[in-house]
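Asks: My questions will all concern the structure given below.
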Amino acid sequence: MQSAHAQQDSSRNISADSLTKKYQESPYSYSPPKFLRDTLKAEIKPVREKKFWRAGTEWFLAQAFPASFNRFITRDPYSYISFKNFLDHQRFSAWDWDDNQFTTNQIDHPFHGQIYFNAFRSNGYNFYQSTLATLAGSYIWETAGETQHPSINDLVNTSFGGVLLGEMMHRVSRNILARSRHGHNRIGNEIVATMVNPVSGLNRLLDGKWGKKIDDYYEADSSIISAEVNAGIRRFDAKDGDFLNKGKNAFYGRLRFVYSNGEHNYKRPFDQFSVNLELGNGDSTFINAVNVHALLYGAKFFKSKRGDHYGTLNAHYNFYNNDAFFYGAQSLNYTWLSEFKYKKGNRLNLSVGAGAIVLGAVPDPYLLYGASRNYNYGSGASYRFKGELMLLNRFLLTADYNGAIVYTISGTDSYYVLHGLEVQGSLRLYKRWSINLSSGYFNLQGHFKANQYPDFNREYPYGSLSIGYNIFF
């Protein structure tokens, strides 16, 4: 009789031989077999050694390197720090809002935060412990890394964004390394995993494991990532709101992927998440959108004759930057999800959610805060609806609406309303190849209290045609 571990290895061998073929036959409606969805009844939970001193050293270097660069290379006047400076910043009244550029606060700070996170996550610590390390790293930098007032928005962006980005990088790099369980393409997988998560790659190198046989922690990984890459043309208009008659044509690219670690794991953070990245050569932008939706906790409420119904708490990161406006926000939403199936190859997924925007950044044409900040910070509410209809494993129709209302906390007294809607049809032509036609509309309305500041209404309608290629790993 096989041992439990041997049976688990046998399950993985079956999946390696058959899953890719099944996905190629039906990439849109692919559902992994139950032994993968449930990661086996006796789930493997390998124990990782916690390396506190190395984690702490990497966490400290994430502070020391930028502080040293600012002090000795660029000679930034804010880099002449002292212990008295640190003590002064322990007062609540010392905290303020900074004047950094939009992309610095919404992109660079989350990336810095993921270094704090993965310093501990890749050294044996769990999600919650690494989250505390990220919050501590952001707090220490704000109060001790510079002489200027500690920044409220930086603390939120570095901590919230750093945890989202860090755990995604950790999960995806683990999935990539798990593909070496049979000894295939070890070096190639190590290179790609290190590009995704450099901190983890560094630690594997220090442990002498880089390019070697993976250990139980990676071998036990049963996660699945399905992705689609689109390339084509987009027609848009950011001035008159008429992209058909007055629009411009531009290159369009999109990467979307969905990570799943099994249906039974909806009570664990980040066992389900999705990412959307859009690129386009507009008049003034290239990265047009980054959207991250991550499961924090969920519960299956009931099962009907043809469907399953869930309630989930989700963390969201949204970044839009088109020729009409820019917008960035982090939010927490509660979502109701219903999944229906009818015969083979037909399904309908519906979800609706609402929640709180922790912090949002929205443009203000009347503001110049400090040296370079031309946007307000605020909090408010976000809401989302999404529907997916699959027919015959070949045609997928998707409608996705994102909305928000943001009330200004720092900046000109105002509030904003955001609407974002996209409808897309995808037809699978041959195996992994598809043709996609989509149309969308973004609208940002700014409402200002003072009469000398007129309200604004910025529109960005568009349509796109692209070829898609589905990837499964």
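Numbering (my numbering), first residue to last: -17 to 455. The beta carbon of each residue, even a glycine, is placed where N, CA and C say it ideally should be.
For Y435, I'd like the list of residues in its chain whose CB is within less than 6 Å of its CB, leaving aside the five on either flank, ordered along the chain.
Replies: Around Y435: Y348.
Asks: I believe S361 touches A213 by the beta-carbon criterion, under 8 Å. Please report the beta-carbon distance rounded to the nearest angstrom.
Replies: Contact flag wrong, Cβ pair sits at about 37 Å.
Asks: Are the beta-carbon atoms of F255 and H275 separated by less than 8 Å?
Replies: Yes, the pair counts as a contact, with Cβ atoms nearer than the cut-off.
Asks: Does the stretch 178 to 193 come close enough to the stretch 217 to 232 that 3 or more CB-CB pairs lie under 8 Å?
Replies: At 8 Å Cβ cutoff, the stretches do not touch.
Asks: Measuring CA to CA, which of N263, G262, V334 is closest to T294?
Replies: Nearest C-alpha to T294: V334.
Asks: Could you spell out the range, first to last residue, of the alpha helix (DSSP H) harbouring I97?
Replies: Start and end: 91 to 103.
Asks: Since F34 is in the beta strand (DSSP E), which residue starts that stretch and which ends it?
Replies: From DSSP, F34 is part of no beta strand (DSSP E) but of the alpha helix (DSSP H) over 34 to 50.
Asks: Given F438, which residues of its chain have a CB within under 6 Å of its CB, disregarding the five upstream and five downstream residues?
Replies: The answer, listed in chain order, is G428.
Asks: So, is L69 buried or exposed, given that buried needs 16 or more other C-beta atoms within 10 angstroms?
Replies: That one is exposed.
Asks: I'd like the list of long-range same chain contacts for V211, defined as Cβ closer than 6 Å, with 5 residues on each side in sequence excluded.
Replies: L237, Y451, listed in sequence order.
Asks: If you measure from the CB of A386, is any heavy atom of the ligand ATP nearer than 7 Å?
Replies: This structure does not include the ligand ATP; it has no bound ligands of any sort.
Asks: For S162, which of S313, K195, N179 has the nearest alpha-carbon?
Replies: Measuring from the Cα of S162, the nearest candidate turns out to be K195.
Asks: Quickly, what does DSSP pair H291 with across the bridge? List them, please.
Replies: In DSSP, H291 forms a bridge with F284, S320.
Asks: Quick one: what's got a C-beta closer than 6 Å to D198's C-beta in the same chain, skipping five residues either side?
Replies: For D198, where only same-chain residues beyond five positions count, the Cβ hits under 6 Å are P28.
Asks: Alpha carbons only, please: which of L341, Q406, L411, G127 is nearest the one belonging to Y398?
Replies: Checking every option, the nearest Cα to that of Y398 belongs to L341.
Asks: Please report the straight-line C-alpha distance between Q111 and Q83, rounded to a whole angstrom.
Replies: Distance between the alpha carbons of Q111 and Q83: 31 Å.
Asks: Please report the straight-line C-alpha distance between E149 and I97, rounded to a whole angstrom.
Replies: Cα-Cα distance, rounded: 11 Å.
Asks: With DSSP run on the structure shown, which of helix, strand or coil describes H152?
Replies: Correct three-state label for H152: helix.
Asks: Distance check for N303 and D136, CA to CA, integer angstroms please.
Replies: Looking at the two C-alpha atoms, the distance is approximately 20 Å.
Asks: What is the DSSP secondary structure of G223, reduced to helix, strand or coil?
Replies: It is coil, neither helix nor strand.
Asks: Candidates T317, Q130, N157, G143: which alpha carbon is nearest F64's?
Replies: The identity of residue 64 in the sequence shown is Ser, whereas the question assumes Phe. S64 has its Cα closest to that of Q130, out of T317, Q130, N157, G143.
Asks: Roughly how many whole angstroms lie between the Cα atoms of F454 and V154?
Replies: Approximately 13 Å between the Cα atoms of the pair.
Asks: Quick one: using the 10 Å Cβ neighbour count with 16 as the cut-off for buried, is P132 buried or exposed?
Replies: Burial call: buried.
Asks: Between E201, G262, G244, which has its C-alpha nearest N231's C-alpha?
Replies: Taking only the C-alpha atoms, the option nearest N231 is G262.
Asks: In the DSSP output, which residue or residues are listed as bridge partners for A338?
Replies: Answer is L314, A363, bridged to A338.
Asks: Within a Cβ cutoff of 6 Å, which residues of the same chain sit near G402, ignoring the five residues on either side of it in sequence?
Replies: Hits under 6 Å: N384, F424.
Asks: In terms of DSSP beta bridges, what is N296 paired with?
Replies: Answer is L277, N315.
Asks: What three-state label does DSSP hand E487 in the structure shown?
Replies: Shown here, the chain extends from -17 to 455; a query on residue 487 therefore has no answer.
Asks: Have a look at I269 and V257 and give me their C-alpha separation to the nearest angstrom.
Replies: Taking the straight line joining both Cα atoms gives about 14 Å.
Asks: Is the stretch 276 to 292 touching the stretch 201 to 208 in the sense that three or more CB pairs, one from each, lie closer than 8 Å?
Replies: These segments do not touch.
Asks: Which residues bound the beta strand (DSSP E) around R440?
Replies: Counting along the chain, the beta strand (DSSP E) containing R440 begins and ends at 438 to 454.
Asks: Run through DSSP, which three-state label would L409 get?
Replies: In this structure, L409 counts as strand in the three-state DSSP scheme.
Asks: For I387, report the span of its beta strand (DSSP E) as first-last.
Replies: Segment 377 to 392, the beta strand (DSSP E) holding I387.
Asks: How about T116 and F93: are their beta carbons less than 8 Å apart?
Replies: For T116 and F93, no; Cβs fall outside 8 Å.
Asks: In three-state terms, what does DSSP make of Y241?
Replies: Strand, per DSSP.
Asks: What is the rounded straight-line gap between the Cα of P345 and the Cα of G310?
Replies: Approximately 10 Å between the Cα atoms of the pair.
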